[in-house]
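For reference, the structure is listed below as structure tokens.
Numbering (my numbering), first residue to last: 28 to 186.
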């Protein structure tokens, strides 16, 4: 049987919102849509790249210094307790009769994934591929929100 496999590459530019954990705890609810994330009154909003690293995105935008100069890398400890939200809208036209899957590779490390405002999956290992059935993927405009938890805080749950 022959079939056509449709693939939408979600690498590239995202809106990145970084929020300190203490500020995150004061939010009335977790933002799960692009609008909710982009309307946060706390944190910093900048351009992020996937694949990438939010610390390096902050350095590229001038929020943090060049980590490869002198002892600037020590300033990056300030980001250890930050939640990172990668937000992107994208267009998709899945083939008729095919089950759409959301595939993520290398999400570091603990993250919740939301597709069109609905929970799509949870990641806890950056060294494996994560695949989630994209049940609420629409034909046309969609949005993804990837909430990466601060690993130092997520690790405390595993004491």
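Where is the CB? At the ideal position from N, CA and C, for every residue including glycine.
- Counting the other Cβ atoms within 10 Å of the Cβ of residue 115 gives 16 or more, which makes it buried.
- Going by C-alpha positions, residue 51 is about 17 Å away from residue 183.
- The region 167 to 184 makes contact with the region 108 to 124: 3 or more CB pairs, one atom from each, lie closer than 8 Å.
- By the beta-carbon neighbour count (other beta carbons within 10 angstroms, threshold 16), residue 120 is exposed.
- At least 9 Å separates the beta-carbon of residue 72 from that of residue 106.
- Annotation for residue 117: the continuous beta strand (DSSP E) segment containing it runs 109 to 119.
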